[in-house]
Structure formats: structure tokens, C-alpha cells
Amino acid sequence: DVRPFHNVSFMLAHGSADDNVHYQNTAEFVRALTEENVQFELMVYTDDSHNLSTVRWHLYTMIVQFLKKCFNGSKI
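With the sequence shown counted from 1, adding 166 to any position gets you the numbering used here.
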């Protein structure tokens, strides 16, 4: 049930080569979110694994930008 996500800001990052959480799980979750018209941000890191080690700085930057939007640009 994804309805509780209607009232929150939500960001999802996934490595397409993740063998712990398979990409199909993310795809099904994204489908459920879109079917319920839940707005979210998604970043797929092609060929990266579960720990997202090769894109860590990109991910950190994305998280900081996301949190700034969540807090209307105020200092975190």
C-alpha cells in the first residue's frame, strides 16, 4: 500500500546491478506509486550495485539537494 506516500517528499535511488534488491522490485514499487499518483524522485544508477560505491558523491549531492527542497532551502 503506497497511499501513505501521498503526504511526504520521497526520493528513491537504485543501482541497476543490485543483487540484493533486484531492479524488478523497484520497478514494481514505481508502478504502484504512479498508479496512485504519488509524486516522487527516482535516480537509477546504471550498472551499480547495492552499496552505490561508484556514484557515492553524486548520490550525496542529490540527497543534499533533495533535503534542501524539503526544507524550503533553509539550512539543515
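We put the CB at the ideal spot given by N, CA and C, even for glycine.
These numbers were taken from a predicted model, which means no experiment stands behind them.
- Item | Which of helix, strand or coil DSSP assigns to L225 | helix
- Check whether the Cβ of R197 sits closer than 7 Å to any heavy atom of the ligand PLP, and report yes or no. Of ligands this structure carries none, so the ligand PLP is not represented either.
- Assigned secondary structure, I183 (DSSP; H/G/I helix, E/B strand, else coil): Looking at the sequence provided, one finds Ala at residue 183 rather than Ile. Coil, per DSSP.
- Do you know offhand how far T220's Cα is from L178's? 17 Å
- Going straight from the alpha carbon of H172 to that of Y189, what length do you get? 23 Å
- Item | Under the three-state DSSP convention, the category V210 falls into | strand
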